[in-house]
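Trainee:
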Ligand code: MN
Ligand code: MN
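Residue numbers (this note's numbering): 35 to 501.
#1: Would you check whether ligand 1 has a heavy atom nearer than 7 Å to the C-beta of residue 342?
#2: Would the beta-carbon of residue 148 be found less than 7 Å away from any heavy atom of ligand 2?
#3: Would you decide whether residue 219 is buried or exposed? Buried here means 16 or more other CB atoms lie within 10 Å of its CB.
#4: Can you tell me where the alpha helix (DSSP H) holding residue 493 begins and where it ends?
#5: With ligand 2 as the reference, list in chain order each residue whose Cβ lies under 6 Å from any of its heavy atoms.
#6: Do residue 451 and residue 404 have their C-beta atoms closer together than 8 Å?
#7: Are residue 79 and residue 280 touching if we call contact CB-CB under 8 Å?
#8: Got a sec? Which residues, its chain only, sit under 6 Å from residue 416 by beta carbon, not counting five neighbours each side?
#9: Tell me which residues share the same chain as residue 174 and place their Cβ nearer than 6 Å to its Cβ, disregarding the 5 neighbours each side in the sequence.
#10: Apply the 10 Å Cβ neighbour rule to residue 222 and answer buried if 16 or more other Cβ atoms are within range, or exposed otherwise.
#11: Hey, how far is the Cα of residue 134 from the Cα of residue 367?
#12: Could you give the residue range of the beta strand (DSSP E) that holds residue 440?
#13: My understanding is that residue 481 touches residue 301, with C-beta atoms under 8 Å, so please give their C-beta distance in whole angstroms.
#14: Do you know offhand how far residue 184's Cα is from residue 238's?
#15: How many Å lie between residue 165 and residue 276 at the Cα?
#16: Does the segment 423 to 430 come into contact with the segment 381 to 397, if we say contact requires no fewer than three beta-carbon pairs (one atom in each stretch) closer than 8 Å?
#17: Check residue 174 in the structure and name its three-state DSSP category.
#18: For residue 309, which residues from the same chain have a beta carbon less than 6 Å from its beta carbon, with the 5 sequence-adjacent residues on both sides left out?
#19: Is the beta carbon of residue 454 within less than 7 Å of some heavy atom of ligand 1?
#20: Suppose the cutoff is 8 Å on Cβ atoms and the five residues either side in sequence are ignored; what does the same chain contact list for residue 258 look like?
This is the structure in structure tokens:
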């Protein structure tokens with residue numbers, strides 16, 4: 035290496051491809067970890083399923099429901115389930131909670147199609163379900179793919195019926211039809227966003243009529259008869275249901291070199307899973323560590339299962355109560371002393387669409403976990419901009435633990451934008467920075483991540499929790 039090259043190596047911040055320098059053993063660890071993640075993804079296609087699977091994993095690893103604990107002591111592992119859709123988990127540290135929490139927060143809801151409250155109708159030989167999309171979706175991506183129905187129907191007596199149809203090979207699947215190209219001249223002239231309208235996202239669910247020919251709507255009747263035989267429900271029970279349409283296909287390893295994961299719902303269950311695994315590695319921490327698995331991020335974090343609610347505050351208050359540390363206004367102080375990684379996915383640079391990214395400030399697949407100092411739109415509007423002092427703390431943790439990371443923005447200035455739960459926690463006084471895994475085809479039915487980045491995120495969250 036020449037003197038010039040040496041100087042350049044020392045001074046430049048060169049982002050290296052993570053796969054370049056790995057030992058065989060390390061590669062093996064990465065592959066094993068991602069296989070376990072793929073299993074998680076296939077078992078967790080909705081926020082309720084993710085919450086239930088996360089609870090199961092937490093309990094297997096010694097976490098107990100906080101309701102079962104009267105007093106909490108250092109080393110205790112607890113979790114709180116918020117209405118089966120969001121979870122907060124914590125390990126009590128040896129230092130006081132007042133000295134601050136180390137938090138990693140992800141979300142477990144993903145873009146999808148929900149059934150409308152009155153979904154079922156019949157039209158010209160078919161029965162359909164009306165849908166209402168949830169989160170930011172490109173509507174055309176949800177037609178002509180196999181869809182599964184997941185969710186719950188709750189009867190007036192409180193009985194809850196769990197539904198999952200379309201995952202077993204034996205199950206039927208459902209789909210939303212689209213026009214044949216031969217007759218799509220007018221549709222193809224439309225803007226992409228108008229090609230499929232929200233009211234066209236109707237799920238095809240049946241075509242056989244029931245009983246005698248004089249009665250109208252016999253196909254709808256047949257569907258209701260099938261549902262009544264199987265679940266004991268009538269049409270009105272849809273009113274108190276939450277049924278979600280998700281891709282019926284499975285998450286898979288991607289590429290000849292098996293370097294990537296393709297699967298639905300990686301925003302943000304890839305960060306949920308990696309932070310969960312990081313938490314499981316922690317024992318008797320100094321600071322109290324907390325993992326958030328939030329709901330409703332994709333539609334603005336509102337409602338009592340979203341991060342805008344005060345349920346998280348109540349959980350931390352409970353930690354203070356049960357460690358006998360609480361006193362007036364202590365919660366605010368706890369938050370001001372806390373630090374957090376907002377574990378949400380990052381938009382990855384896509385060489386097919388380079389024009390939306392600015393190469394010096396884009397996140398690349400395979401170059402490690404991505405930090406976003408800020409998100410927001412236009413002039414950083416709506417962003418919680420992490421303080422330089424805090425970014426230095428995070429950098430130091432990552433660099434001293436040999437974690438590959440990259441710092442990026444969500445696309446070029448004025449090209450679009452977005453947000454996470456970061457600002458909500460930052461508004462409480464917590465030091466927060468976005469830190470997640472770069473994703474290709476984000477919000478599509480089949481998102482793509484790098485196995486290298488997944489493993490680096492796991493390491494990053496673990497290092498952050500214990501430092
Ligand atoms: Mn997200
Ligand atoms: Mn999202």
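Glycine included, C-beta positions come from ideal geometry on N, C-alpha and C.
Mentor: For this structure:
#1: no
#2: no
#3: exposed
#4: 485 to 500
#5: 301, 332 and 477
#6: no
#7: Residue 280 is positioned such that its CB atom lies closer than 8 Å to that of residue 79.
#8: Cβ neighbours of residue 416 within its own chain (closer than 6 Å, five residues either side excluded): 410 and 453.
#9: 229 and 230
#10: That one is exposed.
#11: 8 Å
#12: 439 to 441
#13: 6 Å
#14: 16 Å
#15: 11 Å
#16: no
#17: If DSSP states are grouped into helix, strand and coil, residue 174 belongs with the helices.
#18: Excluding sequence neighbours, residue 309 sits near 138, 140, 325, 377 and 495.
#19: yes
#20: 154, 268 and 269
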